[in-house]
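To start, the structure under review is shown below, and the notes come after it.
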Amino acid sequence: MMNIEEYEWFMKLALEQAEKAASMDEVPVGAVLVDPAGKIFCESHNYKELKKNPCSHAEIEVITQASEKLGDWRLEGYSLFVSLEPCAMCAGAILHSRIKNVIFGAYDPKGGILSSSMNIWGNPNVNHKINIMGGVMHFECSKVLSQFFKQRRQGYV
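Below, the structure written as C-alpha cells:
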C-alpha cells in the first residue's frame, strides 16, 4: 500500500505529462500507470488533437501502451494516476482492464464519472471493484487546466 508522499510523487509525474500535453495544444491531462511492484510502467497524456481521435485521452493511451507491452488486456494490480477525474469512456476502459486503483487530481463535476453524480462504481451490478482516491494535488492539477483554458479564451478574443 502506498502512502500519500508516493501518491503525490506519481501525481507530479502525471502533471508533467499534462504540461507536455498543454505545450502541444492538447487539453492538459496526464496519466501514469504504476505496476503492482510500485514501478512506473507507462505514462502519457491527451493526444486527441494530434491524432484527431476523440478516444485518445491520457487514460486510454496508458492502458493501450500497457496492454501492448504486456500482451494482455488485464492490468490487475496496477494503479492509475491521472491529473483529472476520468470521463465515462475512460472509466469504461479502466473497468474492462481490471485496474485496481485510480488516483486522480482535479475533480471534474461536469465530465467526471468516478465521484460525480454519474458514479458507476456505486452500481452493484458493476463486475469489478476499483479503489478510488480523488483530490490528490487537486489545486496543482486544477491550476494547469485553468491556465490552459484561460490562455485559449484569450486567443479567441
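Residue numbers for the sequence shown follow this note's numbering, beginning at 183 and rising by one. Virtual Cβ for every residue (Gly too), placed ideally from N, Cα, C. Since the structure is predicted, the reported quantities are computational estimates derived from the model, not experimental observations.
Inter-residue distance for Gly-287 and Arg-280 is about 21 angstroms (C-alpha atoms, whole angstroms). Take the alpha-carbon of Lys-230 and the one of Pro-236: they are about 5 angstroms apart. In chain order, Gln-199, Ala-213, Ala-240, Glu-243, Val-244 and Gln-247 place their CB closer than 7 angstroms to the CB of Ser-226, counting only its own chain and leaving out the 5 sequence neighbours on each side.
Of the candidates Gln-333, Leu-296 and Met-184, Met-184 places its Cα closest to the Cα of Lys-221. Under the 10 Å beta carbon count, Ala-219 is surrounded by fewer than 16 other beta carbons and is classified as exposed.
Annotation for Glu-201: Pro-210, Gly-212 and Val-326 place their beta carbon closer than 8 angstroms to its own, counting only its chain and skipping 5 residues before and after. The distance from the Cβ of Ser-265 to that of Cys-323 is about 4 angstroms, consistent with a contact at the 8 angstroms cut-off. Note on the region 238-321: whole alpha helix (DSSP H) runs with a minimum of 4 residues are 240-252 and 270-279, in chain order. DSSP places Ala-196 outside any beta strand (DSSP E); the residue lies instead in the alpha helix (DSSP H), whose first and last residues are 186-205. For Glu-225, the uninterrupted beta strand (DSSP E) segment begins and ends at 222-227. Following the DSSP letters along the chain, one finds Ala-213 inside the beta strand (DSSP E) bounded by residues 212-216.
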